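Participant: Numbering (this note's numbering), first residue to last: 1 to 413.
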């Protein structure tokens with residue numbers, strides 16, 4: 001017999017409130033009536049299994065699990081049944097709109113194995129909310145975010161053995177959504193594909209836990225107001241590669257993206273940026289650029305803002321920062337730390353910035369500076385520690401509730 005569906009309602013993890021209240025902060029718009037349904041999920045297990053990688057030598061994004069999730073959409077037939085199947089290549093028409101006109105977007109999230117051997121996703125509905133916004137901007141079809149989370153949960157359930165048993169490694173989840181219109185012309189696609197792949201990962205940067213160096217130059221611009229800088233679209237990243245390699249030529253690891261004649265600081269490579277300093281008024285402050293359309297609304301960024309505001313130990317501010325502000329603060333010894341944040345790296349301290357031919361050295365103790373280290377530990381504790389915390393409830397950590405002996409139905413069963 002062929003693949004079979006396993007009807008199952010959306011379930012929440014242990015210790016979380018029941019019902020739709022978990023998603024209240026994310027459901028500003030009603031979910032579409034016609035959307036992929038987790039209850040219709042078809043599961044086809046691979047007959048062969050890949051060898052698990054050495055966790056001490058993981059190169060980011062180069063190893064993939066045994067299975068993937070695919071969901072097709074057409075303008076005439078709507079969303080088709082979600083399908084978990086063996087990992088493999090995809091086939092597209094040569095005129096595919098994603099390949100010609102970059103009608104494409106993606107997300108990045110992680111599954112963690114906690115100290116009780118449970119597998120958890122960190123704030124997945126925030127990723128779905130951002131993905132839905134990117135899809136709207138790309139003229140791709142709407143989807144029910146909670147249903148997609150459940151489909152992803154089920155994919156992780158199938159490949160749970162690929163979730164590393166390590167505090168320093170995790171299973172990276174890459175949802176991708178692209179227009180597959182099989183004809184030329186700049187227009188809304190009549191076909192689309194949403195798929196999800198999984199990759200065990202360690203540290204994003206080759207430096208590991210050490211600080212990174214940045215090249216700041218206004219000759220290249222990552223995003224602009226009215227553009228798509230606040231959406232997670234592939235074109236934003238592909239267009240940054242040239243500048244990234246120029247940064248390497250200057251002996252730096254990442255680009256510090258600047259904007260405008262006053263050289264506003266926006267993002268660090270593929271990360272949001274934070275500056276911990278004594279501001280112009282002598283106040284101890286954690287500052288990050290505001291979400292004004294050119295900044296990607298990072299999930300780790302939001303989590304850091306919520307955590308530090310809850311601490312109440314210093315001022316937390318979303319404000320514009322310029323290179324002149326940073327240079328002046330360094331000259332006056334007011335800078336305490338500077339770091340980037342993101343799903344891939346969590347928190348990454350900055351040690352040096354090359355700007356206008358001058359190396360600006362950022363205070364950075366051996367390894368991680370104090371605040372960056374504290375944030376890394378706090379976020380990691382929320383993600384992988386089994387003991388209950390108020391922060392876990394606050395962040396709506398979603399548990400996959402995977403049981404070792406639960407095997408989904410497959411071909412021939």
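Cβ coordinates follow ideal geometry from the N, Cα and C atoms, glycine included. Given the structure is predicted, the values throughout are model-derived calculations rather than measurements.
#1: Using 10 angstroms around the beta-carbon of residue 117, count the other beta-carbons present and answer buried if the total reaches 16, otherwise exposed.
#2: Any chance you could list the beta strand (DSSP E) runs of at least 3 consecutive residues sitting entirely within the region 120-177, in chain order?
#3: For residue 290 and residue 244, I'd like the C-alpha separation in whole angstroms.
#4: Using the beta-carbon count (16 or more within 10 Å), is residue 286 buried or exposed?
#5: Do residue 189 and residue 107 count as a contact pair if the criterion is CB distance below 7 Å?
#6: Can you tell me whether residue 76 is buried or exposed, with buried defined as 16 or more other CB within 10 angstroms of its CB?
#7: Using CA coordinates, which residue listed in 235, 280, 166 is at the minimum distance from residue 270?
#8: With a CB to CB cut of under 7 Å and the five nearest residues on each side skipped, what residues in its chain are close to residue 95?
#9: Just tell me which of 299, 263, 144 has its CA closest to the CA of residue 341.
#10: Please report the distance separating the alpha-carbon of residue 83 from that of residue 44.
#11: Look at the alpha carbon of residue 319 and the alpha carbon of residue 241, and state the distance between them as a whole number of angstroms.
#12: Classify residue 311 as helix, strand or coil using the three-state DSSP reduction.
#13: Assuming residue 360 is part of the beta strand (DSSP E), what are its boundary residues?
#14: For residue 134 versus residue 231, is the C-beta spacing smaller than 7 Å?
#15: Measuring alpha carbon to alpha carbon, tell me which of 90, 195, 180, 187 ends up nearest residue 131.
#16: Quick check on residue 324: buried or exposed, where buried means 16 or more other Cβ atoms within 10 Å of its Cβ?
#17: In terms of residue numbering, what span does the alpha helix (DSSP H) encompassing residue 100 cover?
#18: Would the beta-carbon of residue 110 fall within 7 Å of that of residue 170?
#19: Helix or strand or just coil, what does DSSP make of residue 380?
#20: In terms of residues, what are the limits of the beta strand (DSSP E) holding residue 221?
#21: Rounded C-beta distance between residue 140 and residue 103? I'm assuming under 8 Å.
#22: Distance check for residue 147 and residue 89, CA to CA, integer angstroms please.
#23: Do residue 113 and residue 163 come within 7 Å of each other at the CB atom, strictly closer than that value?
#24: Buried or exposed: residue 36, going by 16 or more other Cβ atoms within 10 Å of its Cβ?
#25: Tell me which residues share the same chain as residue 29 and place their Cβ nearer than 7 Å to its Cβ, disregarding the 5 neighbours each side in the sequence.
#26: Should residue 225 and residue 179 be called a contact, given that it needs their Cβ atoms to be closer than 7 Å?
#27: On a Cα-Cα basis, can you pick out the residue from 338, 351, 193, 377 that is closest to residue 79?
#28: Shortest alpha-carbon distance to residue 343 belongs to which of 60, 40, 55, 52?
#29: When you compare the CB positions of residue 250 and residue 354, do they come within less than 7 Å of one another, or not?
#30: Which residues bound the beta strand (DSSP E) around residue 298?
#31: In this structure, what does DSSP give as the bridge partners for residue 246?
#32: With a CB to CB cut of under 6 Å and the five nearest residues on each side skipped, what residues in its chain are close to residue 38?
#33: Skipping 5 residues on each side, what residues in its chain have a beta carbon closer than 6 Å to that of residue 73?
#34: Out of 136, 218, 268, which one is the CA nearest neighbour of residue 228?
#35: From the DSSP secondary-structure annotation, give me the bridge partner or partners of residue 320.
Facilitator: Well, looking at it:
#1: Around the beta carbon of residue 117, fewer than 16 other beta carbons lie within 10 angstroms, which makes this residue exposed.
#2: Those beta strand (DSSP E) runs which fall completely within the region 120-177 and span 3+ residues do not exist here.
#3: Their Cα atoms are separated by approximately 24 Å.
#4: With 16 or more other Cβ atoms within 10 Å, it is buried.
#5: Result no, Cβ atoms of residue 107 and residue 189 do not sit closer than 7 Å.
#6: Looking at its Cβ environment, which holds fewer than 16 other Cβ atoms inside 10 Å, residue 76 is exposed.
#7: Measuring from the Cα of residue 270, the nearest candidate turns out to be 235.
#8: Shown here for residue 95: same chain residues with a beta carbon closer than 7 Å to its own, the five before and five after excluded, namely 182, 183, 184 in chain order.
#9: Nearest C-alpha to residue 341: 299.
#10: Spanning the two alpha carbons is a distance of roughly 8 Å.
#11: The alpha-carbon of residue 319 is positioned some 27 Å away from that of residue 241.
#12: In the three-state scheme derived from DSSP, where H, G and I count as helix and E and B as strand, residue 311 is classed as helix.
#13: Its beta strand (DSSP E) spans residues 358-361.
#14: In terms of Cβ geometry, residue 134 and residue 231 form a close pair [threshold 7 Å].
#15: The residue with the shortest Cα to Cα distance from residue 131 is 195.
#16: By the 10 Å Cβ count, residue 324 comes out exposed.
#17: It spans 97-101 - the alpha helix (DSSP H) in which residue 100 sits, taken as one unbroken run.
#18: Taking 7 Å as the cut-off, the Cβ atoms of residue 110 and residue 170 count as close.
#19: If DSSP states are grouped into helix, strand and coil, residue 380 belongs with the helices.
#20: In this chain, residue 221 is not harboured by any beta strand (DSSP E), its DSSP state being neither H nor E.
#21: Yes, residue 140 and residue 103 are in contact; Cβ-Cβ is about 7 Å, under 8 Å.
#22: Rounded to the nearest angstrom, the two C-alpha atoms are 25 Å apart.
#23: Judged by beta-carbon spacing, residue 113 lies within the 7 Å limit of residue 163, meaning their Cβ atoms are closer than that value.
#24: Counting Cβ neighbours within 10 Å, residue 36 comes out buried, since at least 16 surround it.
#25: Model confidence at residue 29 stands at a pLDDT of 48, short of 50, so the residue's coordinates are unreliable; what they give is reported in the following sentence. Beyond the five residues adjoining it in sequence on each side, residue 29 comes within less than 7 Å, by CB distance, of no other residue in the same chain.
#26: In this structure, the beta-carbon distance from residue 225 to residue 179 does not fall below 7 Å.
#27: Residue nearest to residue 79 within the set 338, 351, 193, 377 is 193 (criterion: CA-CA distance).
#28: It is 60 whose Cα lies nearest to the Cα of residue 343.
#29: Result yes, Cβ atoms of residue 250 and residue 354 sit closer than 7 Å.
#30: Neither: residue 298 is in no beta strand (DSSP E) and is coded neither H nor E.
#31: DSSP lists no beta-bridge partner residue for residue 246.
#32: A distance below 6 Å between beta-carbons, with the five flanking residues on each side excluded, links residue 38 to the following residues of its chain, in chain order: 147, 150, 151.
#33: Contacts found: 79, 141, 192.
#34: Residue 136 is the option with its Cα nearest to residue 228.
#35: In DSSP, residue 320 forms no bridge with anything.
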